[in-house]
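Residues 1366 to 1932 (the numbering used here) are what the sequence shown spells out, left to right.
C-beta atoms are modelled at their ideal positions from N, C-alpha and C, and glycine is treated no differently.
Here the structure comes first, spelled out in C-alpha cells, and everything after it is commentary.
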Amino acid sequence: MRPAGRDGFDLSRPSPQLAAPFGLVAALGLLFVLLPPYHASPLVLTLAVLLFVLVLAMFWWSTTKPERTWRDPAVGYLMFVFVALVRDAAGGSTSGMSILLVVPILWLAITGSRRELKVAGLVAALVVLGPMLVFGAPNYPLSDWTRAVGLFALSFIIGPVLQGIVARLAHETRLERVVTERYERLFLDAPHGAVLLDDTGRIVRTNGAMGAIMGMAPDDLAGRMLVDLAPPSHGAIEDHLSRMIDDGALTSASDCMVRDATGTDVYVALSSRMWSSDDDDDEPGSIMINVVDVSERHRYQDRLNHLVDHDILSGLANRRRFDSELQRHVERTRRYGHTGAVLLMDLDNFKRVNDSLGHNAGDELLVSIGSLLRRVVRDTDVVARLGGDEFGILLTDGDQDAAERVGNEVVARVRAHAATLDGVRRRVTVSVGAVTFRAAAEHTGDILALADMTMYDAKEAGRDQLALLPEGESRPPRFAARLQWQSRIEEALEHNRFELHLQPIMDLKTNQVCSAEVLLRLRDEDELVPPSRFLYIAERVGLMPRIDAWVSGRSVAMLAELRTRSP
C-alpha cells in the first residue's frame, strides 16, 4: 500500500491523484490548438494526440509496478515531445503554448530525482533550441534562446528548491503515517480495553479487548453511550464521565461495573484522559479510556475480606467477626435495652475423634456440626467457630426462655447427629453455656467470660446438656464459686499475694543440686493454694496474661538475686 500525502497524493511515486491536474493542463493545451486563430497541420495534431495517449498508457503501466522503474521519468520526458508538437501546431515560439514546457519540469521536480530533474532541464532547452537551429525564423527566431535559458534555470535552480520542499513534506508525511499506524496498532492490539468517546460520552470506536470484555463485536459498541453499559442504578461510570466533561478534569480514574452481553456484571478499572483539538481550542475534544477487567482481583479481594471474618474450615464467622458483632450488639443493648443472649458450646469427647480417626475425620465432624448450628438459629443471629471445637451463638433478639430453647435444641440435634455416625464419633456431645445480656448486666461481668464459666457448669454436671445463668441474684453453686475465685485472683494480683517457691533438682551422679523448678502458689490468709485450684479459672476469665507477666518479672528478679549469692 503506497503512502498517501496530506491531500491524498502519493508523494513517493507518481499517482493518479497527482497526475490529474498535470494531464488536464496538457489536454487543455491540445484543445486550444484546435481553436482559431491556429491552423495546425493534421499530421502534427495526430502525432500530438497519439503521443498524449502514449504518455497516459505509460503512466498507467508505471503505476501497476510496486517499485519505481525507468518508466516513471520516461513519462515526463515524453511530455516534452508532446509539448514540442503542440507548440509547433500553435505557431511556434510566438504561441502561448510554450508555457506548457513548465508542466513536465514541475512533474519531475515533484516526482523525480535530482538527476532526472537536471535531465529534464537539458531536454527542455533542446525542445526550445532544436527547432530554432533546425527550422529557424519566422516560427523559431534566434531570440528564442532566452526562453531556453529560463527553462534551464527553472530546472537547475528553482526545481531543486521545490524538490527539497516535496522531500521534506514526504518525510513528514511518512513520520506522521508511521506514528498514526503505531498508535492505531497500540489501540487495536492493546491487551486491555480501549474506548474512544466524543465529548458527550458516546462511543466512537473500541478495540477487540473491549469487545471481549463486553462479549460484543467492537462495531456493535460504536454509537452507544458508555453509561448505558453500566447495570441499572450503578452510577460510577456517570460520575466518572461527569468529572471529565462537566468538571473539565484532564484525567480521571475509577473502579466501575459494566454488564456484558450475557447479563453478567464485570468489574472494571477506568482511566481516562481528555484530548482537545490542536487546531481549535473551542472545538469539542474526545475522551480516551483504558478499561481493565479487574473482576478476578475483585473476587480475590472479596475472598480475602471473607477470610478475614470467617473460619476457613466451616465457613462460619470467626472469633474476630463474633467479637465485632458482639460489641455492636452490646452498644445496641445499652441504648435500646437488654435483649438477646450468648451461647458458648464445646464438643465433648472430640479429642478422641482426632486421636482415633485422624484430623480429617475431626474436620468433617466440625463442618457438619457448623452446618447444623446454622439451621438452628435465625438469619439475623450469628454463629461462629471460636477455635478448635468451640462454637458460639449470638442471639440478637430474645429472652431467657428463647436462649434456653435454642440451647436445648443444639444439645438435642448434636446428640441426634452423632447417633447416626460410627465409631468414637457416636460419643460426641455438646456442653452449652447460655447467658442473656440482661443476666450479664445484673452480674456486672463480661458476657463471654460468664458464658464460658456457665459452659463449664454444664461439663462438670455431666456434659451433653445446657447450663443457663439465671437472671436475678440467684447463681448456681459452681458458678458462684468461680466468680469468687475470679475476685480472689484479681485481689491477689493487686496486693501481690502470689508467691514463687523453688523446688530443687538434684543431679544423681554428683549428688548436688544443679537447678530448681519454680512453682506458683497463691497466699490466701494462712493457706497456700496450689495452681490446680485457680489457673483454669484464670484462663477462662482472661487473667492468665497478668499472672504470666507477674511470674516472669518475679522470676527474673529472683534469678538475679540468686546469681549474686552463687554465681
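Terminal residues of the beta strand (DSSP E) in which Arg1750 lies: Counted from its first residue, the sequence shown places residue 1750 at position 385. Run containing Arg1750: 1747 to 1752, per the beta strand (DSSP E) assignment.
Member of Leu1471, Ile1464, Thr1459 whose CA lies at the smallest distance from the CA of Gly1441: For this step, residue 1441 is matched to residue 76 along the sequence shown. Measuring from the Cα of Gly1441, the nearest candidate turns out to be Leu1471.
Separation of Tyr1403 from Ala1518, as counted between CA atoms: Locating residue 1518 in the sequence shown gives position 153, counting from the first residue. Locating residue 1403 in the sequence shown gives position 38, counting from the first residue. When rounded, the distance between both Cα atoms is 30 Å.
Bridge partner(s) assigned by DSSP for Val1800: Taking the first residue of the sequence shown as position 1, residue 1800 is located at position 435. Val1800 is bridged to Val1707.
8 Å CB neighbourhood of Glu1774 in its chain, flanking five on each side removed: For this step, residue 1774 is matched to residue 409 along the sequence shown. The answer, listed in chain order, is Val1741.
Run of the alpha helix (DSSP H) containing Leu1415, from where it starts to where it stops: Residue mapping note: residue 1415 aligns to position 50 of the sequence shown, counting from 1. Where Leu1415 is concerned, the enclosing alpha helix (DSSP H) stretches over 1407 to 1428.
As assigned by DSSP and simplified to three states, the class of Tyr1505: Position 140 of the sequence shown, counting from 1, holds the residue named residue 1505. In the structure shown, Tyr1505 sits in coil (DSSP, three-state: anything other than H, G, I, E or B).
Extent of the continuous alpha helix (DSSP H) to which Thr1476 belongs: Counting from one through the sequence shown, the residue named residue 1476 turns up at place 111. Element bounds for Thr1476: 1467 to 1476.
Nearest neighbour of Asp1630, chosen from Asp1611, Ile1654, Ala1595 [CA to CA]: Taking the first residue of the sequence shown as position 1, residue 1630 is located at position 265. Closest option to Asp1630, Cα to Cα, is Ala1595.
Whether Leu1494 touches Gly1501 by CB criterion (9 Å): For this step, residue 1494 is matched to residue 129 along the sequence shown. For this step, residue 1501 is matched to residue 136 along the sequence shown. No, the pair does not count as a contact, with Cβ atoms beyond the cut-off.
Closest Cα partner of Ile1464 within the set Trp1425, Met1444, Gln1765, Asp1891: Translated into the one-based positions of the sequence shown, residue 1464 becomes position 99. Closest by alpha carbon: Met1444.
Close Cβ partners of Trp1426 (< 8 Å) along its chain, the five nearest in sequence each way excluded: Within the sequence shown, residue 1426 is the residue found at index 61, counting from 1. The residues are Arg1436.
Which residues DSSP lists as bridging Leu1606, in chain order: The count along the sequence shown starts at 1 and reaches residue 1606 at position 241. The secondary-structure analysis by DSSP pairs Leu1606 with nothing; it has no beta-bridge partner.
9 Å Cβ cutoff met for Ala1582 and Leu1681: Here residue 1582 corresponds to residue number 217 of the sequence shown, with the count starting at 1. Here residue 1681 corresponds to residue number 316 of the sequence shown, with the count starting at 1. Contact flag unset, no.
Spatial neighbours of Asp1644 in its chain, beta-carbon cut-off 8 Å, leaving aside the 5 residues before and after: Taking the sequence shown and counting its residues from 1, one reaches residue 1644 at position 279. Because Asp1644 sits at a pLDDT of 49, beneath the cut-off of 50, its placement in the model cannot be relied upon, and the point is left open.
Short CB-CB distance (under 9 Å) between Ser1520 and chain B: No chain B appears in this structure, which consists of one protein chain only.
Buried/exposed call for Ile1522, threshold 16 Cβ in 10 Å: The residue labelled residue 1522 in the question sits at position 157 within the sequence shown. Its Cβ having fewer than 16 others within 10 Å, Ile1522 is exposed.
Span separating the alpha-carbon of Glu1769 from that of Arg1928: Position 404 of the sequence shown holds residue 1769. Position 563 of the sequence shown holds residue 1928. Taking the straight line joining both Cα atoms gives about 58 Å.
Pair within 9 Å by beta-carbon distance, Gly1735 and Ser1679: Within the sequence shown, numbered from 1, the residue matching residue 1735 stands at position 370. Within the sequence shown, numbered from 1, the residue matching residue 1679 stands at position 314. In contact: Gly1735 and Ser1679 (Cβ atoms closer than 9 Å).
Assigned exposure category for His1694 - 16 Cβ within 10 Å defines buried: Here residue 1694 refers to the residue found at position 329 of the sequence shown. Buried, by the Cβ-count rule.
Per-residue DSSP class, three states only, for Phe1863: Against the sequence shown, residue 1863 aligns to sequence position 498. If DSSP states are grouped into helix, strand and coil, Phe1863 belongs with the strands.
Residue nearest to Ile1610 in terms of C-alpha spacing, selected from Met1622, Leu1586, Arg1570, Thr1565: Here the question's residue 1610 lines up with position 245 in the sequence shown. Of the candidates Met1622, Leu1586, Arg1570, Thr1565, Thr1565 places its Cα closest to the Cα of Ile1610.
Whole-angstrom C-beta distance between Gly1705 and Asp1762, which should lie under 8 Å: Here residue 1762 corresponds to residue number 397 of the sequence shown, with the count starting at 1. Here residue 1705 corresponds to residue number 340 of the sequence shown, with the count starting at 1. That belief holds up - the Cβ atoms of Asp1762 and Gly1705 are roughly 6 Å apart, short of 8 Å.
DSSP state of Gln1830 mapped onto helix, strand, coil: Translated into positions along the sequence shown, residue 1830 becomes position 465. Coil, per DSSP.
Pick from Gly1650, Ser1660, Gly1588 that is closest to Cys1621, judged by C-alpha positions: Indexing the sequence shown from 1 puts residue 1621 at position 256. With distances taken between Cα atoms, Cys1621 lies closest to Ser1660.
Beta-carbon proximity of Val1707 to Val1779, cut-off 9 Å: As a working note, residue 1707 is residue 342 in the sequence shown. As a working note, residue 1779 is residue 414 in the sequence shown. Cβ atoms of Val1707 and Val1779: not closer than 9 Å.
Which of helix, strand or coil DSSP assigns to His1694: Walking along the sequence shown from the start, residue 1694 turns up at place 329. His1694 falls in the helix class under three-state DSSP.
Buried versus exposed, by CB contacts within 10 Å (16 or more), Gly1461: Along the sequence shown, read from residue 1 onward, the residue named residue 1461 stands at position 96. Exposed is the label assigned to Gly1461, since fewer than 16 other Cβ atoms lie within 10 Å of its Cβ.
Beta-carbon contacts of Tyr1632 that lie in its chain and below 6 Å, excluding the five residues immediately before and after: Reading the sequence shown from its first residue, position 267 is the one you call residue 1632. Answer for Tyr1632: Met1622, Val1659, Ser1660, His1663, listed in chain order.
Contacting residues, own chain, Cβ-Cβ under 6 Å from Asp1362 (five flanking each side not counted): Any answer about residue 1362 is impossible in this case: the structure gives the chain only from 1366 up to 1932.
Segments assigned alpha helix (DSSP H), at least 4 residues, entirely inside the segment 1765 to 1790: If one requires a minimum length of 4 residues, the alpha helix (DSSP H) runs lying completely within the segment 1765 to 1790 are 1765 to 1784, in chain order.
Rounded separation between Ala1634 and Asn1725 - CA only: On the sequence shown, residue 1634 is found 269 positions in, with the first residue counted as 1. On the sequence shown, residue 1725 is found 360 positions in, with the first residue counted as 1. So the two alpha carbons sit approximately 42 Å from each other.
Where Leu1691 falls, given that 16 or more other Cβ within 10 Å makes a residue buried: Position 326 of the sequence shown, counted from the first residue, corresponds to residue 1691. Burial call: buried.
The segment 1815 to 1822 in contact with the segment 1861 to 1872 per 3-pair CB rule at 8 Å: no
Closest by C-alpha distance to Leu1527, when choosing among Gln1382, Leu1606, Arg1479: Residue mapping note: residue 1527 aligns to position 162 of the sequence shown, counting from 1. Among Gln1382, Leu1606, Arg1479, the Cα nearest to that of Leu1527 is on Arg1479.
Whole-angstrom C-beta distance between Pro1438 and Leu1466, which should lie under 8 Å: Locating residue 1466 in the sequence shown gives position 101, where the first residue counts as 1. Locating residue 1438 in the sequence shown gives position 73, where the first residue counts as 1. Incorrect: roughly 16 Å between the Cβ atoms, too far for contact.
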